[in-house]
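Structural data, given as structure tokens:
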């Protein structure tokens, strides 16, 4: 069974990495997979997200935003710890005949994809508060995840597990903060006499 899963993982990797090799996709994938490396995006996206939380939820939006930061921190921290245990080489380190090799990629473990985990954490969490953006959030998370395979830094199983972990983190933190906020709102107002 494990051999079947490994072979399936490799076959899907080769399909995404080699068969789906088109000039425009080969140019776009490294950009899309590393959006977080662009300083203006790293500044603009959190600011816009904060703005939308505060605009829709007023002061409570600050709490919701801070819990998004906590969710992403938990996702990234746990993913980093799993990488230190799993020690799975990245495809570009071991597979031959790749269409794209992303030499500047980190040499840490491939399993599981923190990019996928973090993006699906954000997509799931944001959907809990902005359901109208669900399609956009999950399309963006999926595109980033797939480009991780296309550029040769992850196997499909890495992004699948990372995506599932991200969904779990998003659900946990969105439910937790909603529970905390609702309990706080249910407490009697203690005003000074």
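Residue numbers (the numbering used here): 1 to 193. Beta carbons: idealized from backbone N, C-alpha and C, even for Gly.
| said: Spatial neighbours of residue 103 within its chain, please: C-beta separation below 6 Å, excluding the five flanking residues on both sides. | reply: Counted from its first residue, the chain shown places residue 103 at position 103. Caution is warranted here: a pLDDT of 45 is assigned to residue 103, below 50, making its placement in the model unreliable, and the coordinate value is therefore given only provisionally. Excluding residues within five positions, none has a Cβ falling inside 6 Å.
| field | Selected residue, minimal CA-CA separation from residue 165, among 17, 1, 9, 75 | value | Residue mapping note: residue 165 aligns to position 165 of the chain shown, counting from 1. Nearest of 17, 1, 9, 75 to residue 165, Cα basis: 75.
| How many Å lie between residue 145 and residue 123 at the Cα? | The residue you call residue 145 lines up with position 145 of the chain shown. The residue you call residue 123 lines up with position 123 of the chain shown. Straight-line Cα distance between these residues: approximately 12 Å.
| Three or more C-beta pairs below 8 Å linking the segment 128 to 145 and the segment 78 to 89 | no
| request: My understanding is that residue 25 touches residue 150, with C-beta atoms under 8 Å, so please give their C-beta distance in whole angstroms. | output: By one-based count along the chain shown, residue 25 stands at place 25. By one-based count along the chain shown, residue 150 stands at place 150. Contact holds; Cβ gap of about 7 Å.
| query | By Cβ distance below 6 Å, which residues in the same chain neighbour residue 109 in space, the five residues on each side in sequence not counted? | reply | Reading the chain shown from its first residue, position 109 is the one you call residue 109. Correct list, in chain order: 83, 86, 87, 88.
| request: Kindly indicate which three-state DSSP category residue 187 falls into: helix, strand or coil? | output: Stepping through the chain shown from its first residue, residue 187 is reached at position 187. The answer is coil: DSSP assigns residue 187 none of H, G, I, E or B.
| field | Validate contact between the segment 166 to 182 and the segment 33 to 53 using beta carbons, cut 8 Å, 3 pairs | value | no
| task | Run the CB neighbour count on residue 42, radius 10 Å, all protein chains shown included, and call it buried at 16 or more, exposed below. | result | As a position in the chain shown, residue 42 is number 42, starting the count at 1. Looking at its Cβ environment, which holds fewer than 16 other Cβ atoms inside 10 Å, residue 42 is exposed.
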